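Q: In our numbering, the protein residues as written are 4 to 168. Think of the CB as a built atom: it goes at the ideal place given N, C-alpha and C, for glycine as much as any other residue. Since the model is a prediction, treat every value here as computed from it, not as a measurement. Below is a structure I'd like to ask you about.
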């Protein structure tokens, strides 16, 4: 059962990472286009807003994928000095606290997204609604929490945390 959940999670993380990469590519293209057009006195309208929206998508959707590859900073030098059972306990504690943190981030971001939806808040220049991008960040945090939960279960069951190479 857990193996099937892990495979589905990996697939979903890869889809989100592909979207994040596409958003990052769009940011580069937009920035370059704006620089070229600004030289001809016709800058791209709403560049600042679009960069913010695309940045939110890129950051939110890349979290869980980075966790699968263990690309985040981890403090292992201190943990490696302890006996193996203590290392497992500290690793489980660290992953568990991180899981709860990102779950709370997802919940609060979703609440904020609902607030912005109810308010009808839009960007100043282009009139794009804010709430979908807040929900994207909430989805990214929820997926990060899910991957951390899988790592937590694997750690407690004596397996190595899920890691792609």
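Are residue 23 and residue 64 closer than 7 Å when you measure CB to CB?
A: Here residue 23 corresponds to residue number 20 of the chain shown, with the count starting at 1. Here residue 64 corresponds to residue number 61 of the chain shown, with the count starting at 1. Cβ distance < 7 Å, so residue 23 and residue 64 count as in contact.
Q: Would you mind listing the alpha helix (DSSP H) stretches within the segment 122-164 that are 4+ residues and don't spill past its ends, in chain order?
A: Correct list: 134-159.
Q: For residue 82, which of helix, strand or coil comes out of DSSP?
A: Stepping through the chain shown from its first residue, residue 82 is reached at position 79. Correct three-state label for residue 82: helix.
Q: In whole angstroms, what separates the C-alpha of residue 126 from that of residue 51?
A: Position 123 of the chain shown, counted from the first residue, corresponds to residue 126. Position 48 of the chain shown, counted from the first residue, corresponds to residue 51. Approximately 10 Å between the Cα atoms of the pair.
Q: Between 40, 41, 34, which lies nearest to residue 54 when the distance is taken from Cα to Cα?
A: In the chain shown, residue 54 corresponds to position 51, counting from 1. It is 34 whose Cα lies nearest to the Cα of residue 54.
Q: For a quick check, are the C-beta atoms of residue 61 and residue 26 less than 7 Å apart?
A: Locating residue 61 in the chain shown gives position 58, where the first residue counts as 1. Locating residue 26 in the chain shown gives position 23, where the first residue counts as 1. For residue 61 and residue 26, yes; Cβs fall inside 7 Å.
Q: Fully enclosed by the segment 29-96, which alpha helix (DSSP H) runs are 4 residues long or longer?
A: With a minimum length of 4 residues, the continuous alpha helix (DSSP H) runs that stay inside the segment 29-96 are 50-71.
Q: Quick one: Cα of residue 75 to Cα of residue 32, how far?
A: Here residue 75 corresponds to residue number 72 of the chain shown, with the count starting at 1. Here residue 32 corresponds to residue number 29 of the chain shown, with the count starting at 1. Those two C-alpha atoms are separated by around 27 Å.
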